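**Q** So the number in the numbering used here is just where the residue sits in the sequence shown, counting from 1, plus 376.
Backbone N, C-alpha and C define an ideal beta-carbon position, used for all residues, glycine too.
Here the structure is a predicted model, which is why all the values come from computation and not from measurement.
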Amino acid sequence: MKLSKNKIKKLIVLEDGEPYLPYLKPLEEVDPRVKIIPMSGFGWPTYTALEAEGLLDDVIRKEWNGEIPNLHFVAHVPNSVLGEQLTNQFIRHIPERSWLFKYGRVPMSLLLSDYSYRRMTATNVKTEYCKLSVVAQAAASIKPAISREELQPYKDHFHPLGSGSEVVERKGSKRPAGAPYVAIQVNALQEQVIETGKLDKWDYVLRRMFVLKTTPIRRAISSLGPGAYNLLKRLGDPDLPPEERLDIDKKVRELQMRDWSIFVKRFDEWPFRPGDLDISEAIYKDVEREK
377 MKLSKNKIKK LIVLEDGEPY LPYLKPLEEV DPRVKIIPMS GFGWPTYTAL
427 EAEGLLDDVI RKEWNGEIPN LHFVAHVPNS VLGEQLTNQF IRHIPERSWL
477 FKYGRVPMSL LLSDYSYRRM TATNVKTEYC KLSVVAQAAA SIKPAISREE
527 LQPYKDHFHP LGSGSEVVER KGSKRPAGAP YVAIQVNALQ EQVIETGKLD
577 KWDYVLRRMF VLKTTPIRRA ISSLGPGAYN LLKRLGDPDL PPEERLDIDK
627 KVRELQMRDW SIFVKRFDEW PFRPGDLDIS EAIYKDVERE K
């Protein structure tokens with residue numbers, strides 16, 4: 377609100393917590409740019425409602441490789457399984473150019489747990505490396521917005537503290553109250569690794585393979601479906617050009633982005649791949665299984 381109208385034309389605040397609304401609503405009277413919407417920012421129908429009310433009418437759609445749209449999404453993501461699911465959903469909309477990304481490469485500023493950040497940015501040499509890591513890095517540049525130290529200690533910046541004290545007892549040891557949070561900037565990449573319309577293929581392959589992440593590709597590939605071992609020749613044939621060949625003796629967790637691109641491309645070309653790739657129910661169950 378302290379920023380000039382040249383920088384902030386409108387501030388849409390989404391909050392469905394009743395205790396907070398009496399403190400937020402008066403802001404509309406102080407500054408007409410502020411719009412308090414008593415709906416959850418974590419429910420997709422909210423954004424349909426925003427459009428229906430005309431609150432996003434002045435968002436200018438931009439070409440994907442052009443300018444950044446005049447829209448910025450800011451969220452405090454819960455430190456929970458729900459928060460992990462939300463982060464996953466936010467990222468998955470980027471390659472599909474859906475949700476807010478239908479307007480272009482809308483930047484996102486997120487406050488989320490350090491654990492979620494490490495999973496999003498983990499490389500194939502880290503224990504946190506998972507399918508979220510692959511999709512996130514295929515879709516966006518993810519960088520700290522400010523240093524981690526500026527958000528520590530937890531008790532000076534966040535609520536609630538859990539026990540109400542500076543430390544909490546866990547398994548006989550004392551630890552600072554609250555999990556560390558980080559502030560990050562997520563900017564969609566101009567060149568998307570995951571082609572629009574191919575997210576279901578990536579989801580299926582990543583989910584199936586990461587269940588067997590310590591297993592070599594030549595053994596894990598059968599999890600993709602009956603006859604999937606026939607893909608091995610299309611992946612690791614020595615006669616293939618080096619840039620199109622995959623080391624099938626690599627373990628799943630050792631694959632890099634280039635490897636995953638080859639893998640999913642060959643799966644997409646496979647005429648006998650499973651017809652039902654729906655993971656809508658299973659994708660979030662895997663969040664806990666990967667942990």
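For the alpha helix (DSSP H) containing residue 534, list its first residue and its last residue.
**A** As a position in the sequence shown, residue 534 is number 158, starting the count at 1. Taken as a continuous stretch (DSSP letters only), residue 534 belongs to no alpha helix (DSSP H), as it is neither H nor E.
**Q** From residue 533 to residue 491, what distance separates their C-alpha atoms?
**A** Your numbering for residue 533 matches position 157 in the sequence shown. Your numbering for residue 491 matches position 115 in the sequence shown. Cα to Cα, residue 533 sits roughly 18 Å from residue 491.
**Q** Residue 480: buried (16+ other C-beta within 10 angstroms of its C-beta) or exposed?
**A** Position 104 of the sequence shown holds residue 480. So residue 480 ends up on the buried side.
**Q** Tell me whether residue 636 is buried or exposed, calling it buried when 16 or more other Cβ atoms sit within 10 Å of its Cβ.
**A** By one-based count along the sequence shown, residue 636 stands at place 260. Its Cβ being crowded by 16 or more others within 10 Å, residue 636 is buried.
**Q** Taking a contact to mean a Cβ-Cβ separation below 8 Å, would you say residue 462 touches residue 418 in this structure?
**A** Numbered from its first residue, the sequence shown carries residue 462 at position 86. Numbered from its first residue, the sequence shown carries residue 418 at position 42. Yes, these two residues count as a Cβ contact at 8 Å.
**Q** In whole angstroms, give me the CA-to-CA distance for residue 613 and residue 576.
**A** The residue given as residue 613 occupies position 237 in the sequence shown. The residue given as residue 576 occupies position 200 in the sequence shown. Approximately 26 Å between the Cα atoms of the pair.
**Q** Using DSSP's beta-bridge definition, name the partner residues of residue 516.
**A** The residue labelled residue 516 in the question sits at position 140 within the sequence shown. Residue 516 pairs with 564.
**Q** Counting C-beta neighbours from all protein chains within 10 Å, is the total for residue 507 16 or more, i.e. buried, or is it exposed?
**A** If you number the sequence shown from 1, residue 507 lands on position 131. That one is buried.
**Q** For residue 505, which three-state DSSP category applies?
**A** Translated into positions along the sequence shown, residue 505 becomes position 129. DSSP places residue 505 in coil when its eight states are reduced to three.
**Q** When we look at the beta-carbon of residue 467 and count the other beta-carbons within 10 Å, is it buried (16 or more) or exposed?
**A** Working through the sequence shown from its first residue, we reach residue 467 at position 91. Answer is buried; the Cβ neighbour count reaches 16.
**Q** So what does DSSP say about residue 388, is it helix, strand or coil?
**A** Counting from 1 along the sequence shown, the entry for residue 388 is found at position 12. Residue 388: strand per DSSP, three-state reduction.
**Q** I'd like to know whether the C-beta atoms of residue 517 and residue 582 end up nearer to each other than 8 Å.
**A** To locate residue 517, count along the sequence shown from 1; it is residue 141. To locate residue 582, count along the sequence shown from 1; it is residue 206. No, Cβ-Cβ distance for residue 517 and residue 582 is not below 8 Å.
**Q** Output the distance between the C-alpha atoms of residue 663 and residue 405, rounded to the nearest integer angstrom.
**A** The count along the sequence shown starts at 1 and reaches residue 663 at position 287. The count along the sequence shown starts at 1 and reaches residue 405 at position 29. Reliability fails at residue 663, whose pLDDT of 40 lies under 50, so the model's placement of it is uncertain and the value that follows must be treated cautiously. Their backbone Cα atoms lie some 42 Å apart in a straight line.
**Q** May I ask whether a heavy atom of the ligand ATP can be found less than 7 Å away from the beta carbon of residue 480?
**A** Absent from the structure shown: the ligand ATP. Ligands present: none.
**Q** Start and end of the beta strand (DSSP E) containing residue 411?
**A** Taking the sequence shown and counting its residues from 1, one reaches residue 411 at position 35. Counting along the chain, the beta strand (DSSP E) containing residue 411 begins and ends at 410-413.
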